[in-house]
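Working notes, structure below.
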Amino acid sequence: MEIKIFGGAREVGGSCISVETNSCKIALDYGIKLEGEPKKFPTDFDAIIISHAHLDHTGSLLSLSKHNPTVVGSEITRDVTVDLLHDMVNIQNEKGNFEYTDHHAEKIRQSWWTRDAIALSGMKVKLQPAGHVAGAKVTSLESEGKKIVYTGDICTHDTEILRGCKLDTLPKHPDVLITESTYGGKVRTPRQKLIDEFMEDLLRTMDNKGNVLIPTFAFHRSQEMAKRIDTAIEKGYLPRYNVYTISNLAHKINDYYNHYKALFTQEIRKQKTPFRYRHIKHLYRTAQIEEPAIVICTSGFVHAGASLRLLKDWAGDKHNSVILTSGYLPPDSPLKTAKEEGFFKIEEETFDVKALVKQIELSGHADQNELVEIVNKLKPTRTVLVHGDIEQAEALAEKIGEMTDVCIPKQDDTIDI
Ligand SMILES: [Zn+2]
């Protein structure tokens, strides 16, 4: 059996790993790198297992649409992935010629099997909840007497809307564990402490009648954030205020979240339509905002759309706040210099930042302690670290080195089992 790392080695982005036996060849994820040249992956797979709907795990699927693939993943992963592929088609077509159309995105929907277990030639595949985002799965493979577990992106702690991965249900003693290592070198502040901090920042800005901009991605982070604020207002922890979401895609994904509410925590499942918010309005345009307001909107890294418009409008006023909840910021995000240097540039224009710009990392990834616990519970013979910068992977390797053989592969490396 052979494992080959096509993408996501020593970096986050473009995840794709192949597992090949004498009778079968599958891909674990088929992602895209959002920066730099996109990489072409092989197309001759018997099946492509998709761990979850983030584009760094799914974004190359359009290139498979001409090859009649078998794609395997959860229902909500299918629905969100296909929407995100349509979105990608629209954006790329606006920029210029793109070889794929909506038809190719729909082909992926038709190729999708929403099973939790499948049997391929000489290989059994099982998918189990991974935490991280709605519908995310850990993949376990058994073939030729060997066991492989691939975490995809994983989170073992509960969040307000999603249960963490239950490690006790995963196969023990795999021959190989392939795990993400995004935060392999980082131990995070307890989540409740971060949420308290987030609420305090909101309250302070609300007291000053300021505006709060919360840039998020349309999938999961938007729903998690909106539900958190909606619940806080409902329970009286926050006062009533103008709270809006601006993202048609997020609005559509709310419907999936209501439909698949069985995926979420008990508290969420008890509610009839948990993601139809009581204190938050969906808007189509920033011009509809009545200030002061809290606005949850795309794009997540403020490259375009409502979040960029509002950053330009609101950054100059010290009464306003910008709260970013993802840990990572790409170098070309205007928030990067806004946060670190007090200004940002859009084309030739420079904007001074007087608003509070704050990063509160409410991550959906396992931190170092959680990753060590995964290795400790599963007791793999060998552990392959992917989906993490080299410093993060090396820091994790040091922590787990006495429990398992560790390998930090480079792109295109092959691992024989
Ligand atoms: Zn992810």
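In terms of my numbering, the sequence shown opens at residue 1066 and continues consecutively. Ideal Cβ placement from N, Cα and C applies to all residues, glycine included. Only a predicted model underlies this, so the values are computations on that prediction, with no experimental measurement involved.
Review point. Leaving out five residues before and five after residue 1456 in sequence, what residues of the same chain have Cβ atoms less than 8 angstroms from its Cβ?
Key: 1250
Check your understanding: Between the beta-carbon of residue 1116 and the beta-carbon of residue 1217, is there less than 7 angstroms?
Key -> yes
Point to revise | Contact between the region 1322-1333 and the region 1375-1385 (3+ Cβ pairs under 8 angstroms) | key: no
Review point. Hey, which unbroken runs of the beta strand (DSSP E) at 3 residues or more fall wholly within the region 1331-1412?
Key: 1358-1362, 1386-1389 and 1408-1411
Point to revise | Cβ-heavy atom distance, residue 1119 to ligand 1, below 6 angstroms | key: yes
Check your understanding: Sorry if obvious, but does the Cβ on residue 1218 come closer than 6 angstroms to a heavy atom of ligand 1?
Key -> yes
Review point. Based on Cα-Cα distance, which residue from 1180, 1111, 1314 and 1071 lies nearest to residue 1121?
Key: 1071
Practice item. Could you spell out where the beta strand (DSSP E) holding residue 1206 opens and where it closes? Key: 1202-1208
**Study point:** Three-state class that DSSP yields for residue 1083 in the structure shown
**Key:** strand
**Study point:** For residue 1247 and residue 1452, believed in contact at Cβ under 8 angstroms, the rounded distance
**Key:** 6 angstroms
Practice item. Kindly indicate which three-state DSSP category residue 1215 falls into: helix, strand or coil? Key: strand
Point to revise | DSSP bridge partner residues for residue 1189 (one or two, in chain order) | key: 1184 and 1207
Review point. Buried or exposed: where does residue 1408 fall if 16 or more other Cβ atoms within 10 Å of its Cβ makes it buried?
Key: exposed
Review point. I think residue 1390 touches residue 1270, with their Cβ atoms under 8 angstroms apart; what is that distance to the nearest whole Å?
Key: With 8 angstroms as the limit, residue 1390 and residue 1270 do not qualify as a contact, their Cβ atoms being about 15 angstroms apart.
Review point. Hey, residue 1221 and residue 1196 are a contact pair by Cβ (cut 8 angstroms); roughly how many whole angstroms apart?
Key: 6 angstroms
Point to revise | Assumed close pair residue 1113, residue 1136 - CB separation to whole angstroms, cut-off 8 angstroms | key: 5 angstroms
Check your understanding: Once you ignore the five residues that flank residue 1478 on each side, which residues in its own chain have a CB closer than 6 angstroms to its CB?
Key -> 1070
Review point. Given 8 angstroms as the limit, is there contact between the region 1298-1311 and the region 1351-1365, that is, 3 or more CB pairs closer than that?
Key: yes
**Study point:** Spatial distance of residue 1400 from residue 1313 (CA atoms)
**Key:** 23 angstroms
Practice item. Following the continuous beta strand (DSSP E) through residue 1092, name the residue where it begins and the one where it ends. Key: 1090-1093
Check your understanding: For residue 1450, which beta-bridge partners are listed by DSSP?
Key -> 1244
**Study point:** Rounded straight-line distance, which links the Cα of residue 1228 to that of residue 1465
**Key:** 25 angstroms
**Study point:** residue 1334 classed as buried or exposed, judged by whether at least 16 other C-beta atoms fall within 10 angstroms
**Key:** exposed
Review point. How many Å lie between residue 1460 and residue 1166 at the Cα?
Key: 42 angstroms
Check your understanding: Do the region 1288-1298 and the region 1343-1353 meet, that is, are 3 or more Cβ pairs less than 8 angstroms apart?
Key -> yes
Review point. What's the gap between the Cα of residue 1417 and the Cα of residue 1375?
Key: 14 angstroms
Practice item. Determine the direct distance from the alpha carbon of residue 1066 to that of residue 1362, and round the result to whole angstroms. Key: 45 angstroms
Practice item. Compute the distance between the beta-carbons of residue 1190 and residue 1284, then report whether it is under 7 angstroms. Key: no
Review point. Start and end of the beta strand (DSSP E) containing residue 1199?
Key: Premise fails: residue 1199 is in no beta strand (DSSP E) and is neither H nor E.
**Study point:** Where residue 1277 sits in the DSSP three-state scheme
**Key:** strand
Point to revise | Proximity winner among 1208, 1232, 1212 and 1184, relative to residue 1193 (alpha-carbon distances) | key: 1232
Review point. Which residue from 1075, 1203, 1133 and 1279 puts its Cα closest to that of residue 1426?
Key: 1279
Practice item. Count the CB pairs spanning the region 1073-1088 and the region 1102-1113 that are closer than 8 angstroms, and state whether there are at least three. Key: yes
Review point. Is DSSP giving residue 1414 helix, strand or coil here?
Key: strand
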